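Scroll down for the structure; my scribbles are underneath it.
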Amino acid sequence: MKKMISLLMSFTLILSLFAPAASAKANKNQDAFKNRNLHVQIVLFDGFDLLDALAPYEVFAAAGMYSGGKVTVELVSAEGKRSVPSGLNGPSLKAEAVLDPNRSGIILVPGASGKPAGNSEDAIPNVLKGALQTRLPGMLKKSMDNKDVTVATVCGGSLLLAMGGMLKDRHAVTNQIGMTALKALGAIPVDARVVEDDPRLVTGGGVTSGLDVSLYLVERELGPQIANAVEQLFEYERRGTVWQAEGIAPINF
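Numbering (our numbering), first residue to last: 157 to 409.
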């Protein structure tokens, strides 16, 4: 009995020695996240997909609420403050400012909403071509050259970058119906829900992947507690493993 009590006392002593170190480490990690502020610009262009833009907007807005304002998010366009029509004759959203490629943070590019193929004006390829005829491609290229900016895309947003020559030899994903086109445009298509080519380029697959892209970025930038709080609020758990070009590659059978 005495021996058992002695062992318990020794075990308690060991725990007491490790506890302050563990607590200090946790506080240090928390302080690192506390010192971060994140600004998100969500890009609108004529014919954009509503869910591609609004799902991430809600995630980042909720993250701002739970973090006490450490995340700010705004809708922007290449032209500045204006009413921007969504695709398929959907409702318009108001861009609050002009896209600023020099501002640090995240720039998120949605895809287009329209017919999956064809030559009509409302076909997705033509909607994206229309966006390429604006000042947007030049702004996005400047953003991708800015080391303080992470460019993220949802669904066809990666096709917009690829069509502008910005994804040459970069790993990316888009909606399944656009993966062949993504490869033809010089990107390296990866069959994953979310793909991080490097920390400054994150792409998402289908239209609902905007939730997963934004939740991943919230966790990456502010930590898992804020991301979990947003998941609980939305009653949605992030889907899929974020593919990264590291680790052991699987055997191709």
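Even glycine gets a Cβ: it sits at the ideal position worked out from N, Cα and C. Nothing here was measured: the structure is a model prediction, and the numbers come from that model.
Same chain, Cβ closer than 6 angstroms to residue i, five either side skipped, listed in chain order
i	result
A209	I198 and P266
T309	V265 and T359
G236	V254
Inter-residue spacing [alpha-carbon to alpha-carbon] between residue i and residue j
i	j	result
A340	Q400	21 angstroms
L244	V215	24 angstroms
I330	V358	Per the sequence presented here, residue 330 reads as Thr, with Ile not at that position. When rounded, the distance between both Cα atoms is 11 angstroms.
P380	P345	28 angstroms
A338	G361	Inspection of the sequence shows that residue 338 is occupied by Leu rather than by Ala. Taking the straight line joining both Cα atoms gives about 12 angstroms.
K181	F204	For K181, the predicted structure reports a pLDDT of 48, less than 50, and the residue's modelled location is therefore unreliable. A value from the coordinates is still provided. Going by the C-alpha atoms only, they are around 44 angstroms apart.
T290	A234	7 angstroms
V240	M221	26 angstroms
S276	A405	41 angstroms
F409	T336	21 angstroms
S365	C311	7 angstroms
L141	K190	The structure shown does not extend to residue 141, since the chain spans only 157 to 409, so no value can be given for it.
V196	K285	25 angstroms
D301	L288	18 angstroms
F390	Y213	13 angstroms
Y372	N384	10 angstroms
Q388	S248	29 angstroms
R394	V363	14 angstroms
V354	I407	What sits at residue 354 in the sequence shown is Asp, not Val. Straight-line Cα distance between these residues: approximately 22 angstroms.
Whether residue i touches residue j by CB criterion (7 angstroms)
i	j	result
V144	A253	Nothing can be reported for residue 144: it is not among the residues displayed for the chain, which extend from 157 to 409.
V369	V350	yes
G261	L194	yes
V386	A219	yes
E352	V398	yes
Same chain, Cβ closer than 8 angstroms to residue i, five either side skipped, listed in chain order
i	result
A343	S314, A318, L323, K324, D325, R326, H327 and A328
S436	Nothing can be reported for residue 436: it is not among the residues displayed for the chain, which extend from 157 to 409.
V305	P257, R259, S260, G261, I262, I263, S299 and R356
M295	A234, L255 and P257
K303	R356
R192	K226, E377 and L378
G274	none
Own chain, CB closer than 7 angstroms to residue i, minus 5 neighbours either side, in chain order
i	result
A217	V229
P272	I280 and I333
Y392	L367
P293	G320
G270	G203, G243, L244, D278, A279, I280 and V283
G246	L206 and S269
Cβ-Cβ separation, residue j to residue i (assumed contact under 8 angstroms), whole Å
i	j	result
R238	A251	5 angstroms
G403	A348	Wrong, their Cβ atoms sit about 13 angstroms apart, outside the cutoff.
heavy atom of the ligand FMN below 6 angstroms from residue i C-beta
i	result
D354	Judged by which ligands are present, the structure shown has none, so any question about the ligand FMN falls away.
Run through the region 337–387 for me and flag every whole alpha helix (DSSP H) of 4 or more residues, listed as ranges in chain order. 365–378
Ignoring anything shorter than 4 residues, give me the alpha helix (DSSP H) runs that lie fully in the region 304–339, in order along the chain. 313–319
Complete alpha helix (DSSP H) runs within the region 224–307 (minimum length 4 residues, chain order): 280–288 and 292–300
Curious, which full-length alpha helix (DSSP H) runs of at least 4 residues does the region 184–225 contain? 206–222
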